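Residue numbers (my numbering), protein chains in the order written: chain A, 783 to 892; chain B, 17 to 128.
Everything on this sheet refers to the single structure shown next.
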């Protein structure tokens, strides 16, 4: 079992819709969770992090964490073509550096 | 701030040659990470340093790989001898807060 699992996609949504990206992790001791966005040919950039169960909102982005289910998600409201990218879920177990999932490719159709 | 600076951006070399990748972290960041990204394996941690000291090198594939951080503003990742399977994009990242990584633009390595 991979430490951090994501559906590779592509996830295709129409412009203006809500995009829902999901991630599961295997280490119950994981303490903090991060979402990075990577445009094609570019480096990853941090867009959100969440430490506590529940929701955390930042503009059009909402991160959701359920530690009991070992599940993290990222919702993007009012999706725009400029949101088309690969979204990487990353987990900090507290024992070593971030472990990244393989990413979900999001395509927002105009 | 200029961000994390990596060089070279692109490197094409022949199998058996030595490759040295360089990284200048963001000033004031106390952690530095080397990751490798391929289509098959995604983004993998190779090694990370905290305050210039290697903390976890369990991701370094084998003895052909070595990394150093002689001071707070410079790190190198060396592959000797290089092999075709080392072809990947190598990212350096630095951080001040745990998990909040700032990545360089990457070094794309092709080993023929």
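Every residue, glycine too, gets a C-beta built ideally from N, C-alpha and C.
In this text the structure is predicted, and so the values were computed from the model without any measurement.
Sequence-distant residues of the same chain with beta carbon closer than 7 angstroms to residue i, five excluded per side
i: residue 884 of chain A; result: 788, 790
i: residue 842 of chain A; result: 858, 859, 860
i: residue 107 of chain B; result: 51, 53, 119, 120, 122
Interface flag, residue i vs chain B, CB-CB below 8 angstroms
i: residue 828 of chain A; result: yes
i: residue 814 of chain A; result: yes
i: residue 837 of chain A; result: no
i: residue 843 of chain A; result: no
i: residue 803 of chain A; result: no
Cutoff 8 angstroms: residue i Cβ touching any chain A Cβ
i: residue 129 of chain B; result: Outside the displayed span of chain B (17 to 128) sits residue 129 of chain B, for which this structure offers no information.
i: residue 115 of chain B; result: yes
i: residue 122 of chain B; result: yes
i: residue 73 of chain B; result: no
Distance, residue j Cα to residue i Cα
i: residue 849 of chain A; j: residue 810 of chain A; result: 8 angstroms
i: residue 799 of chain A; j: residue 819 of chain A; result: 18 angstroms
i: residue 80 of chain B; j: residue 22 of chain B; result: 21 angstroms
i: residue 45 of chain B; j: residue 863 of chain A; result: 33 angstroms
i: residue 25 of chain B; j: residue 122 of chain B; result: 6 angstroms
i: residue 882 of chain A; j: residue 786 of chain A; result: 6 angstroms
i: residue 86 of chain B; j: residue 68 of chain B; result: 7 angstroms
i: residue 41 of chain B; j: residue 56 of chain B; result: 27 angstroms
i: residue 807 of chain A; j: residue 814 of chain A; result: 11 angstroms
i: residue 826 of chain A; j: residue 119 of chain B; result: 6 angstroms
i: residue 64 of chain B; j: residue 817 of chain A; result: 20 angstroms
i: residue 99 of chain B; j: residue 870 of chain A; result: 28 angstroms
Per-residue DSSP class, three states only, for residue i
i: residue 43 of chain B; result: coil
i: residue 796 of chain A; result: strand
i: residue 124 of chain B; result: strand
i: residue 819 of chain A; result: strand
i: residue 864 of chain A; result: helix
i: residue 102 of chain B; result: helix
Cβ shell of residue i (< 6 angstroms), same chain only, five flanking positions each side left out
i: residue 887 of chain A; result: 791, 792, 868
i: residue 844 of chain A; result: 837, 857
i: residue 805 of chain A; result: 788, 854, 871, 883
Neighbour list for residue i in chain B, Cβ cutoff strictly below 7 angstroms
i: residue 884 of chain A; result: 58
i: residue 825 of chain A; result: 107, 119, 120, 121, 122
i: residue 870 of chain A; result: 59
Beta-carbon neighbours of residue i, restricted to chain A and to distances below 7 angstroms
i: residue 64 of chain B; result: 879
i: residue 125 of chain B; result: Simply none; closest approach about 15 angstroms.
Proximal chain C residues relative to residue i, where beta-carbon distance stays under 9 angstroms
i: residue 874 of chain A; result: Chain labels in this structure do not include chain C; the protein chains are A and B.
Cβ shell of residue i (< 8 angstroms), same chain only, five flanking positions each side left out
i: residue 27 of chain B; result: 35, 37, 123, 124, 125, 126
Listed by chain order, chain A residues near residue i by CB distance under 8 angstroms
i: residue 90 of chain B; result: Those within 8 angstroms of residue 90 of chain B in chain A number zero; the least Cβ separation is about 19 angstroms.
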